[in-house]
Amino acid sequence: MNPTIGKDGSQGANLQRLILYSLSQDERLPSFPNPSYANLVDNIIEKAAVGNKNLDLGHLRQSVVSLEPELENKFQAEVSRMMGSLSSRNWFTNQLRLRYLSFRGPLCDMSQVAILSSPAESQTISTARLLHKVAMAITSLDTVHAIGCDRKGNRFETQQLRDIFATTRVPGHDIDVLKTSPRSSHAVLFSNGHTFRVCILDRQLRPVPVSVLATQVQNILHISSAKPKSINIALYSTLMERQCWAELRHRYVKINPEAIDDIESAIVSVALHTALPLDQDEKLKLAKEDNSCVYSDNVLGFSIFPDGTAAGRVDHSVADGGLLVLLWQHLSSLRISIDNKHAAQHLLNAILPKELHIGNESLSQPSSIQGPALLRKSVISRIPQDPNLSRILRYTKLSHAIYLFAYQGALLSIFDESDCSIHEPVSTRSYAEGRCDRHYVTTKELVSFCRALEENRSLGSLISDFKEALQMYRAGLEATRRGQGFGAAIGILEKSLSSMKDSDSKSQMIQAAKTFKKRGALFTGFPFAPAVDAVEGFVSAADRVSCVYIGHESEVIICLTGSGMFCGILHRIKEVMEKNISGITQAVLNSGLISI
1 MNPTIGKDGS
11 QGANLQRLIL
21 YSLSQDERLP
31 SFPNPSYANL
41 VDNIIEKAAV
51 GNKNLDLGHL
61 RQSVVSLEPE
71 LENKFQAEVS
81 RMMGSLSSRN
91 WFTNQLRLRY
101 LSFRGPLCDM
111 SQVAILSSPA
121 ESQTISTARL
131 LHKVAMAITS
141 LDTVHAIGCD
151 RKGNRFETQQ
161 LRDIFATTRV
171 PGHDIDVLKT
181 SPRSSHAVLF
191 SNGHTFRVCI
201 LDRQLRPVPV
211 SVLATQVQNI
221 LHISSAKPKS
231 INIALYSTLM
241 ERQCWAELRH
251 RYVKINPEAI
261 DDIESAIVSV
271 ALHTALPLDQ
281 DEKLKLAKED
291 NSCVYSDNVL
301 GFSIFPDGTA
311 AGRVDHSVAD
321 GGLLVLLWQH
331 LSSLRISIDN
341 KHAAQHLLNA
351 ILPKELHIGN
361 ESLSQPSSIQ
371 GPALLRKSVI
381 SRIPQDPNLS
391 RILRYTKLSH
401 AIYLFAYQGA
411 LLSIFDESDC
421 SIHEPVSTRS
431 YAEGRCDRHY
441 VTTKELVSFC
451 RALEENRSLG
461 SLISDFKEAL
471 QMYRAGLEAT
481 RRGQGFGAAI
491 GILEKSLSSM
501 KDSDSKSQMI
511 QAAKTFKKRG
521 ALFTGFPFAP
531 AVDAVEGFVS
541 AADRVSCVYI
551 GHESEVIICL
561 TGSGMFCGIL
571 HRIKEVMEKN
581 ISGITQAVLN
591 SGLISI
């Protein structure tokens with residue numbers, strides 16, 4: 001009899017069936033819209049002047065007119081060429097994935113990390129419960145519904161879901177490739193330089209009981225602490241440049257292909273850390289960079305610290321941080337059933353976890369090991385909030401705007417508006433294979449509101465400016481969600497311009513397009529994600545800053561991450577942002593936008 005998928009994971013099923021079901025659900029979604037030349041040009045004209053004071057709006061409009069119809073024809077030809085060679089249903093996600101897979105630096109710089117839970121009973125129990133819940137998730141159709149549907153019944157893509165389990169990023173010379181093993185039934189655990197294979201599904205494809213997994217984890221911790229460190233594949237995958245790791249991996253495959261396959265086909269990897277982080281910043285760093293146990297090639301990984309705290313890590317080439325948060329919210333909601341008979345039978349047949357050995361020390365290349373290309377720092381702020389007010393702000397969808405506007409105001413208190421424009425990744429998951437597009441948040445209306453807030457103008461003036469800024473923000477947000485944003489198409493416009501004869505009009509358009517590619521601040525958040533304690537924003541270049549907020553019942557958590565020049569001013573941004581949140585919230589309460 002073929003295995004079937006049970007809602008609680010109790011009946012046998014492998015990951016392959018979950019993938020097939022996910023594919024069948026996504027077939028109903030529309031393809032991502034083709035880029036629109038008219039929409040792109042209108043957006044550039046509207047917003048470029050905010051981020052570049054040297055641009056003259058009237059001159060820019062004249063430049064567009066003088067370049068047509070040649071520029072539009074070249075743009076449409078480039079779109080036709082791109083779509084003609086495309087095998088996927090989402091041209092932007094395809095571009096995004098190729099760009100991230102081409103990243104050649106240490107893979108820790110391509111990871112997104114979230115701290116996922118409060119301290120549990122022990123590292124052993126936390127790990128066992130996590131592995132059991134992962135097994136439940138991959139053997140249940142509810143996982144697809146949790147990621148692919150909201151409470152209103154709206155459908156969203158689940159490609160990110162089916163691409164994270166049992167998927168490894170195999171290093172290549174010029175570009176990495178993704179390899180999924182849908183029949184996998186095991187996880188790999190890394191501890192103190194040792195690697196172990198642990199089955200999380202039994203032969204009937206049922207989740208292995210927590211008690212049995214706890215015994216396995218305890219054995220791993222004992223074995224790894226008693227033995228000297230061996231060749232550490234986690235170190236290579238995390239801190240070695242991809243080309244060097246590709247060459248070394250090729251040599252290890254020749255020596256022990258079975259061990260490499262066991263590692264790369266794992267459903268998830270779990271890092272058992274020996275160091276207890278002093279704070280959230282160090283915890284975020286260790287979850288990405290601990291070279292004794294963090295294996296970055298596996299697309300989805302978890303960290304369990306000595307106090308039982310969990311963190312999740314996902315490779316950005318496959319998924320966004322939002323998917324990681326959604327998945328953890330779902331895993332946290334799963335209830336573990338106790339089947340003593342099932343557990344007792346497993347204990348009778350339990351064997352020690354299998355340690356995997358990949359080769360000999362003579363192949364190691366310590367000179368090729370590098371640290372992260374970027375030095376990052378994170379600062380966490382926890383702001384208490386009245387639970388009733390928090391619910392109302394979420395219901396009216398004002399909480400997101402309040403934190404965003406407070407962040408913009410904090411940046412404007414330090415920088416000129418042309419140096420602190422905000423990019424917001426907006427979900428486009430209502431389309432097949434959709435991930436996100438950039439929403440360029442900073443408008444003249446938002447700048448005006450932030451100046452009014454900083455100057456303590458009258459309440460009436462502040463509320464009027466807030467409403468105008470909110471209206472413009474929501475219009476841009478909705479357009480981006482409908483696939484009509486312009487962040488994805490700017491690269492196509494630049495390519496079209498490059499083949500045209502030099503002229504003042506061409507220079508003006510190139511300068512305008514570059515406005516949206518210069519240093520920008522990032523912002524995103526989760527209005528209600530009580531199972532998540534912190535999220536590190538994706539900071540991929542020097543001198544960048546990112547803000548992620550996480551809503552809980554009675555507090556909001558603000559996570560600021562910076563690189564380069566921003567490392568030294570994060571606390572200043574935090575203090576001004578906290579003050580702004582209080583001021584904007586009070587203004588909203590007096591504006592008539594909500595009633596308590």
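Residue numbering for the sequence shown is 1 to 596, as defined by the UniProt record's numbering.
Glycine residues also receive a C-beta, built at the ideal position from the N, C-alpha and C atoms.
Discussion item. Let me check understanding here. Comparing Cα to Cα, which of 49, 74, 57 and 23 lies closest to residue 36?
Written reply: Position 36 of the sequence shown holds residue 36. Among 49, 74, 57 and 23, the Cα nearest to that of residue 36 is on 74.
Practice prompt. Report the option in 557, 563, 287 and 70 whose CA atom is closest to the CA atom of residue 602.
Written response: The requested residue 602 is not part of the displayed model; the chain covers only 1 to 596.
Worksheet item: Which partner residues of residue 152 appear in the DSSP bridge assignment?
Response: The residue given as residue 152 occupies position 152 in the sequence shown. DSSP lists no partner for residue 152.
Worksheet item: Short check: CB of residue 411 to CB of residue 587, under 7 angstroms?
Response: Taking the sequence shown and counting its residues from 1, one reaches residue 411 at position 411. Taking the sequence shown and counting its residues from 1, one reaches residue 587 at position 587. In this structure, residue 411 sits away from residue 587, with a CB-CB distance that is not shorter than 7 angstroms.
Worksheet item: Which term fits residue 431, buried or exposed, when burial requires 16 or more other beta carbons within 10 angstroms of its beta carbon?
Response: In the sequence shown, counting from the first residue as 1, residue 431 sits at position 431. Residue 431 is buried by the Cβ-count criterion.
Worksheet item: Any beta-carbon of chain C closer than 7 angstroms to the one on residue 27?
Response: Any reference to chain C falls outside this structure, which holds one protein chain only.
Worksheet item: Quick one: Cα of residue 227 to Cα of residue 191, how far?
Response: Taking the first residue of the sequence shown as 1, we reach residue 227 at position 227. Taking the first residue of the sequence shown as 1, we reach residue 191 at position 191. Going by the C-alpha atoms only, they are around 11 angstroms apart.
Item to complete: Count the other C-beta atoms from every protein chain shown that fall within 10 angstroms of the C-beta of residue 585, then say buried if there are 16 or more, exposed otherwise.
Response: For the purposes of this step, residue 585 is taken as the residue at position 585 of the sequence shown. Result: buried.
Fill in: Assigned secondary structure, residue 580 (DSSP; H/G/I helix, E/B strand, else coil)
Within the sequence shown, numbered from 1, the residue matching residue 580 stands at position 580. In the three-state DSSP reduction, residue 580 falls in the helix class (H, G or I).
Worksheet item: In three-state terms, what does DSSP make of residue 206?
Response: Taking the first residue of the sequence shown as 1, we reach residue 206 at position 206. Residue 206: coil per DSSP, three-state reduction.
Item to complete: Report the residue from 32, 401 and 113 whose alpha carbon sits nearest the alpha carbon of residue 328.
Response: Taking the sequence shown and counting its residues from 1, the one referred to as residue 328 is at position 328. The shortest Cα separation from residue 328 among 32, 401 and 113 belongs to 113.
Worksheet item: From residue 189 to residue 469, what does the alpha carbon distance come to, in whole angstroms?
Response: As a working mapping, residue 189 is identified with position 189 in the sequence shown. As a working mapping, residue 469 is identified with position 469 in the sequence shown. Each residue's alpha carbon lies about 49 angstroms from the other.
Practice prompt. Could you round the C-beta distance between residue 381 and residue 578 to whole angstroms and report it? I think they count as a contact, below 8 angstroms.
Written response: Counting from one through the sequence shown, the residue named residue 381 turns up at place 381. Counting from one through the sequence shown, the residue named residue 578 turns up at place 578. About 6 angstroms; that satisfies the 8 angstroms criterion.
Discussion item. Closest to residue 276 by C-alpha separation, out of 289, 81, 299 and 308, would be which residue?
Written reply: The residue you call residue 276 lines up with position 276 of the sequence shown. The residue with the shortest Cα to Cα distance from residue 276 is 308.
Practice prompt. Output the boundary residues of the alpha helix (DSSP H) element that contains residue 127.
Written response: Here residue 127 is taken as the residue at index 127 of the sequence shown, counted from 1. It spans 123 to 138 - the alpha helix (DSSP H) in which residue 127 sits, taken as one unbroken run.
Worksheet item: Taking C-beta to C-beta, are residue 102 and residue 184 nearer than 7 angstroms?
Response: By one-based count along the sequence shown, residue 102 stands at place 102. By one-based count along the sequence shown, residue 184 stands at place 184. No, they are not a contact pair.
Worksheet item: With respect to the alpha helix (DSSP H) encompassing residue 258, which residues constitute its N-terminal and C-terminal limits?
Response: By 1-based counting over the sequence shown, the position of residue 258 is 258. Per DSSP, residue 258 belongs to the alpha helix (DSSP H) from 257 to 264.
Practice prompt. Run through the region 515 to 590 for me and flag every whole beta strand (DSSP E) of 3 or more residues, listed as ranges in chain order.
Written response: Within the region 515 to 590, complete beta strand (DSSP E) segments of at least 3 residues are found at 521 to 526, 545 to 551 and 555 to 563, given in chain order.
Worksheet item: In this structure, does DSSP put residue 377 in helix, strand or coil?
Response: Here residue 377 refers to the residue found at position 377 of the sequence shown. Looking at residue 377 - three-state DSSP - the assignment turns out to be strand.
Worksheet item: CB-CB under 8 angstroms to residue 373, same chain, minus the five flanking residues each way: which ones, in chain order?
Response: The residue you call residue 373 lines up with position 373 of the sequence shown. Closer than 8 angstroms at Cβ, skipping near neighbours: 105, 106 and 109.
Fill in: Meets three-Cβ-pair contact criterion under 8 angstroms: the region 278 to 287 and the region 310 to 327
The region 278 to 287 makes contact with the region 310 to 327, as at least three CB pairs between them are under 8 angstroms.
Item to complete: Spell out the partners DSSP gives residue 440 in its beta bridges.
Response: Against the sequence shown, residue 440 aligns to sequence position 440. 423.
Practice prompt. Whole angstroms is fine: what's the gap from residue 539's alpha carbon to residue 203's?
Written response: Indexing the sequence shown from 1 puts residue 539 at position 539. Indexing the sequence shown from 1 puts residue 203 at position 203. For residue 539 and residue 203, the distance between alpha carbons rounds to 42 angstroms.
Worksheet item: beta strand (DSSP E) containing residue 336: first to last residue?
Response: Counting from one through the sequence shown, the residue named residue 336 turns up at place 336. Where residue 336 is concerned, there is no enclosing beta strand (DSSP E), given that its DSSP letter is neither H nor E.
Worksheet item: Can you tell me the Cα-Cα spacing of residue 454 and residue 447, whole angstroms?
Response: What you label residue 454 is simply residue 454 of the sequence shown in a count that begins at 1. What you label residue 447 is simply residue 447 of the sequence shown in a count that begins at 1. In a straight line, the C-alpha of residue 454 is about 11 angstroms away from that of residue 447.
Fill in: Helix, strand or coil at residue 298 according to DSSP, with G and I counted as helix
Walking along the sequence shown from the start, residue 298 turns up at place 298. Three-state DSSP puts residue 298 in a strand.
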